[in-house]
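Worksheet for the structure shown next.
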Amino acid sequence: MKVMAQMAMVMNLDKCIGCHTCSVTCKQAWTNRSGMEYVWFNNVETRPGLGYPRSYENQDEWKGGWIRKADGRITLRAGGRFRKLATIFSNPKMPSLQDYYEPWTYDYDVLLRAPAQKDFPVARPYSIISGKPMNVSWSANWDDDLGGSKEHAVKDEMLKGIEDKVRFEFEQTFMFYLPRICEHCLNPSCAASCPSGAIYKRSEDGIVLVDQERCRGWRMCISGCPYKKVYFNHKTGKAEKCTFCYPRIEVGLPTVCSETCVGRLRYIGLVLYDADQVLEAASVENDKDLYAAQRACFLDPADPAVRKAAREAGIPQDWIRAAQRSPVWKLINTYQVALPLHPEYRTLPMVWYIPPLSPVVDVIRDTGHDAEDAGNLFAAIEALRIPVEYLANLFTAGEVAPVEAVLRKLAAMRSYMRERTLGREPGPAIAEAVGMTEEDLYEMFRLLAIAKYADRYVIPPAHAEQAHALEEIATDCALDYSGGPGMGGSGPVGEGSGALTPVAVENFRMLTQRQTAESLVSGGSKKGRVNLLNWDGTGMPDGLFPDGTSAARDGKAE
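The sequence shown runs 268 to 825 under this note's numbering.
See the structure below:
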């Protein structure tokens, strides 16, 4: 048994309202800079829908993830090293810009400077990539809230085989939101696909990162990732991806998307797993057994033998205690209500989801019956096979039984807490119907509904003695402007070359400059842009408003 630690996340889809706050804050923190205009490390999809990039789940087209061969071994769906060598200079199995979307802006100057006239002025969209006028036809959330559903959502890969059955029900009630980030898999196919070895999985916490010094821009990682969460920066010529906000994780803070989530639906915690079982779990014959196989890799942190093995493996004692308190462990293994996204890709993803119960509840409510009654809910779950099948296609490789079990537990929790809230004594019958105790249902309710900050995010900080093993490459912590932290400046052979500066050094320099400068520090090296992350809030830095506005405010206007 080889014990390793992995930072993991669980999202409760019943609480996601599709506000995209997580996407916007992630964009501002990580990809709001040149070359990354089309990139969203975090995005929120409406399901059914095509997702981002378009139809990324069609692995017959994109060749992402792993497949199991007849001899029981797994191999990359896109092919091994010889196939990659043959296509290293021309990789056709990669989404185009149109599959993501061509980023655009508007000619706002037409609106700002238009004289009084009879006709209303119109700001035309211009491509940020080419600078030419364009017609907007797709974006990262073009089919949001079932927009254009008859044209787009009906092409959802997860509807294959059940299109005729689902369409009527889905037009009535069937819609939910699916936030997505990099899965930071136990068996990442992006890392196995990289010819340069630039993508690596940190041994101390399992976060998957890109070494910007080693990346050569082959883009095989984009093809290899079945979730299409690796992106190409067309300005630096490097691959970039979600970093699980590792600079925040290392000091015990949650990711930016989790911190700013309006619905408080994200949970972050440490999971201990047996690294010796990963390959065996990823190689099980039947795709429908992958969910159970991955759960079998996780180790119970309350087991004395596991704790002893973890200490011998060099895992600090406070990390072991954090694993015991981990909400992720509770939701995945104790209560067994969290499920992995597309386990059939055999990457063993570590961002799991609690499927939504709302479609079931809404259908009952529309019939005029009590939507919180346990009997009605259990019967509805049995009757509404179509949504359950769709959820199974997403989370359990088509196996319906685990999804039904999760929905029954969520329904039991809802009914049990309704009885308690109304002052009635629910008794053990509701809990026993789903194989749980009353105490389990109540504790699960507290975790899912009213958990405090410290209960949702159990993140042990990194240890100083492990600092040599913690990569702090500036490009992995790129912020929002050209030349800022992460861009690395321009070296002797152009953009993105030259020596990289550690994040801590960049932060120290910024603070020193801001605290000792006699004038305001705008924090941006590009004219007309202000890095608000480094602005101290004093005064009005140049570039925050158009020149005419700032000049007029300062009394310098003619």
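Idealized CB from N, CA, C, for every residue including glycine.
Treat the numbers as computed from the prediction; the structure is a model and nothing was measured.
A check of alpha carbon separations from TYR319 across ASN454, GLU699, TYR494 identifies TYR494 as the nearest. When rounded, the separation of the alpha-carbon atoms in LYS496 and THR298 is 13 Å.
Within the region 474-552, the runs of beta strand (DSSP E) at least 3 residues long that lie entirely inside it are, in chain order, 475-477, 497-500, 505-508, 533-541. Across the set GLN479, TYR683, PRO455, the C-alpha of PRO455 shows the shortest separation from the C-alpha of ARG613. Scanning ASN408, LYS330, LEU445 for the CA closest to the CA of LEU608 turns up LEU445. Here the region 584-602 lies against the region 720-730, with 3 or more beta-carbon pairs under 8 Å apart. Burial check for MET303: the Cβ neighbour count within 10 Å reaches 16 or more, so the residue is buried.
According to DSSP, residue pairing for TRP371 in a beta bridge involves SER394. In this structure, PHE443 sits away from ARG533, with a CB-CB distance that is not shorter than 7 Å. For ALA664, there is no enclosing alpha helix (DSSP H), as DSSP marks it with neither H nor E.
Only exposed fits ASP376, as fewer than 16 other CB atoms lie within 10 angstroms of its CB. Burial is judged here by how many other beta carbons sit within 10 angstroms of a residue's own beta carbon; MET268 has fewer than 16 and is exposed. For the set HIS501, PRO571, ASP541, ARG531, the Cα lying nearest the Cα of THR288 is the one of ARG531. Comparing alpha carbon positions, the residue from GLY519, LEU537, GLN326, SER625 closest to LEU658 is SER625. Under the criterion of beta carbons closer than 8 Å, PRO382 and TYR393 do not qualify as touching, at roughly 22 Å. Cβ-Cβ distances below 8 Å link ALA569 to GLN591 in the same chain, with the five nearest sequence neighbours on each side left out; the list follows chain order.
In the three-state scheme derived from DSSP, where H, G and I count as helix and E and B as strand, LYS330 is classed as coil. For ALA272, the pairing in a beta bridge is given by DSSP as LEU539. Cα atoms of CYS492 and ARG481: separation of roughly 19 Å, rounded to the nearest angstrom. In this structure, the CA atom of ILE599 is about 12 Å from the CA atom of PRO669. Remark: C-beta atoms of ALA275 and VAL475 do not approach each other more closely than 7 Å. In this structure, CYS512 sits away from VAL529, with a CB-CB distance that is not shorter than 7 Å.
The region 676-684 and the region 695-707 touch, with no fewer than 3 CB-CB distances between them shorter than 8 Å. Scanning the region 560-605 for uninterrupted alpha helix (DSSP H) segments of 4 residues or longer gives 571-579, 584-592, listed from N- to C-terminal end. VAL291: member of the alpha helix (DSSP H) spanning 288-293, first to last residue. With contacts defined by Cβ atoms closer than 7 Å, ILE621 and ASN279 form a contacting pair. According to DSSP, ARG314 shares a beta bridge with PHE443. Taking the Cα positions, SER470 is about 45 Å away from TYR373. A residue is called buried when at least 16 other Cβ atoms come within 10 angstroms of its Cβ; TYR683 meets this threshold and is buried. THR292 and THR510 have their C-alpha atoms some 14 Å from each other. If you compare the alpha carbons of ARG321, ILE341, ALA390 with that of GLU424, the shortest gap goes to ARG321. Across the structure, LEU714 and ASP722 are spaced so that their CA atoms are roughly 7 Å apart.
For LEU343, DSSP records a beta bridge to TRP333. In the DSSP annotation of this structure, the continuous segment of the beta strand (DSSP E) that includes ILE621 starts and ends at 618-621. The DSSP-derived three-state label of ASN279 is strand.
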